[in-house]
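Chemist: In this note's numbering, the protein residues as written are 24 to 243. Just dropping this structure here.
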Amino acid sequence: MQIPSDWTFKNLEVANGFDAHVRATLPWYDLATGAVAHVARHYLPQNGLIYDIGASTGNIGRALSDVIESRQARLIAIDDSESMAGKYNAPGELVIGDALNFEYEKFDVAVAMLVMMFFPPIARKTWLQDLYSNMKPGGVIILLDKCDGPPGYLSTVMHRLTIAGKVASGISSDEIIAKELSLSGVQRPLPYNFIQFAVPEAYEFFRFGEFAGWVITRQE
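Here it is in structure tokens:
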């Protein structure tokens, strides 16, 4: 896939190559998807509502298709890229729009996988807290995102772990560098411990290098 000089999911070539690209650059992607789906199915009730925020090609919807069908649940997928929407292949309703300004209904499950790092930093905390306010008692928010490493040398170690994973997948050094530069000003990792600061109820359930996943629940 040709890496654009400024990364955007609205690029048709990016959309066409997304599924292969994300699995090559993030070799743990399918493992993380399975973990997200595992958590989600524990909180999705009969006739429940699940949001897939930043749905891309429908990875989460496909992983949950059986439980969505058997429980007659509603899935609303949100993505702001028409190019990516053209590749959507999953159950549910696809909405092309801005997740930051979307009017969320009361929901049981919300998934945002590799999304917040593309939100403006000033909007993240408010968006997450507003999303939390629309979660039904007994519901869950599942987040997985890139974040700054811990202080000191360990941050360098975690960054290199991410790069090592890409190299092990066979990605060339030229493509790794081109992708990193294309993300300048477009992708900004979450600050270290941001999620726990924004929503204290968050529980970390996944981590690989600079990427981490959290579960946020609401008491019944």
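Just so it is clear, CB atoms sit at the ideal spot from N, CA and C, and this is done for glycine as well.
If you pair each beta-carbon of the region 69 to 79 with each one of the region 96 to 113, do three or more pairs fall below 8 angstroms?
Modeler: yes
Chemist: For A113, does the three-state DSSP call read helix, strand or coil?
Modeler: Of the three classes helix, strand and coil, the one that applies to A113 here is coil, per DSSP.
Chemist: Using only CA atoms, which one of I239, I119, K169 and L213 lies nearest to S104?
Modeler: Distances from the alpha-carbon of S104 to those of I239, I119, K169 and L213 put I119 closest.
Chemist: Using DSSP bridges, identify the partner residues of L72.
Modeler: R97
Chemist: Considering just the uninterrupted stretch of the alpha helix (DSSP H) at Q56, what are its terminal residues?
Modeler: Per the sequence presented here, residue 56 reads as Thr, with Gln not at that position. Unbroken alpha helix (DSSP H) run through T56: Y52 to Y66.
Chemist: Are the region 111 to 125 and the region 44 to 52 touching, with three or more C-beta to C-beta distances below 8 angstroms?
Modeler: Fewer than three pairs of CB atoms, one per stretch, sit closer than 8 angstroms, so the region 111 to 125 makes no contact with the region 44 to 52.
Chemist: Based on Cα-Cα distance, which residue from I26, E92 and G81 lies nearest to G109?
Modeler: G81
Chemist: Is it true that the CB of P160 sits closer than 9 angstroms to the CB of Q242?
Modeler: Cβ distance < 9 angstroms, so Q242 and P160 count as in contact.
Chemist: On the criterion of 16 or more Cβ atoms from any shown chain inside 10 Å, does Y226 qualify as buried, or is it exposed?
Modeler: Counting Cβ neighbours within 10 Å, Y226 comes out exposed, since fewer than 16 surround it.
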